[in-house]
Ligand code: ATP
Ligand code: MG
């Protein structure tokens, strides 16, 4: 019978003394005179394999190039000094695909190579333990987000990535040629999730969004992924609560399921608390800021330092600082909010304007022509409950949970001002 492959994570006391077939990448070779070590890696872990003298593999092992793909047959043996407590004594070894000389090292010490070069070779870079840890955690973030909202009766919707006009106005869009028409890449699923929420009540989505802003910062990408919700019969306070709860749920899941990854990244993650401040209260806490100013990143950082391991919700923003589609609360303030965590904005949202007359007034106030927004306004003419929603940046949240200092570390194949490949 054909021997079944064993995954490295399954090498434990139950396998002691047993024959196994392993497949993976050659992470490192230690060429000693008396014995040869081949450190083998697969998706699930790393194990030390050993070529003993006077075996047919003893001379072959040192000749194998790093990162070659190999198949190893051998016997599991207890060894207190080995990283997993077990090693595998090689009986037979086959090179399945030989690697050429590597353009960047994938050993952990190689992490000091400049980020740009690492991103040029991301397909190799992601073989490093720390890099894999980031994307394993990111995968858990999305999983937990889906799990949380699905179990709370939300449905996942798929909004279009190509749109005919700006959803919001403001941000720069990437134009695309769409047959005879001009179209754009969507900078947010906003309008579409609103249209879904006024019919289906509770919706969420995860999708890439595109922003053609020429910024070049450690917090901005030109293509990022957004986790969004939109909820009917809810106001801004209700949806801030949803965010507090989903982030706490996500962090708990990451702590529970990604222990090794957090250890590899040297991150001591805590489930965050939440604090709710009005814009006015937040401004008063910051020197040099006055009512009506927008938050710069330095302000976000200072505020976050005052509340470690806390999500800071800032609400009741002045009307001049929030877009036309955010519901006014009174003459002065809106029902919009921002959420800050670990030194930066991770989300914006609020209650939307669902009354066509107010939308038209708000558009005129911002010197926009309601005629240009006819398609948007008309969606709310046929029985639209009040509704609220937010968008949470996936890469930004990944940065927060993994303690990364550049958003490009939290994106497998980043698109920024200068980068379009790989
Ligand atoms: P910022 O002020 O930090 O540039 P924003 O207010 O322009 O962000 P929103 O339009 O509120 O961003 O988008 C919702 C969320 O999506 C943000 O809070 C952030 O988490 C994420 N996000 C927005 N723009 C980017 C970007 N260029 N790159 C990565 N994530 C982004
Ligand atoms: Mg924002």
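Numbering (our numbering), first residue to last: 6 to 427.
Don't be surprised by glycine CBs; every beta carbon is placed ideally from N, CA and C.
Collapsed DSSP secondary structure at residue 375 in the structure displayed: helix
Status (buried if at least 16 other CB within 10 Å, exposed otherwise) for residue 194: buried
C-alpha gap between residue 132 and residue 207, whole angstroms: 39 Å
Whole alpha helix (DSSP H) elements within the segment 95-183, 4-residue minimum: 120-125, 127-130 and 134-156
Sequence ranges, beta strand (DSSP E) only - wholly within the segment 331-372, length at least 3: 341-346 and 349-356
Residue 352: CB within 8 Å of a non-hydrogen atom of ligand 2: yes
Cβ of residue 213 within 9 Å of any chain D Cβ: Absent here is chain D; the protein component of the structure consists of one chain.
Beta-carbon gap between residue 319 and residue 283 smaller than 9 Å: yes
Buried or exposed by the 16-neighbour rule on C-beta atoms within 10 Å, applied to residue 86: exposed
Buried/exposed call for residue 103, threshold 16 Cβ in 10 Å: exposed
Residue 386 to residue 360 span [Cα, whole Å]: 8 Å
Distance, residue 153 Cα to residue 254 Cα: 7 Å
Local conformation of residue 206 per DSSP, three classes: coil
CB of residue 412 within 9 Å of CB of residue 401, strictly: yes
Segment limits, beta strand (DSSP E) that includes residue 53: 50-56
Proximity test, residue 6 beta-carbon vs ligand 1 heavy atom, cut-off 8 Å: no
Nearest to residue 34 (by Cα), restricted to the options 27, 54 and 391: 54
Residue 302 (DSSP reduced to helix, strand or coil): helix
Residue 354 beta carbon less than 9 Å from that of residue 245: yes
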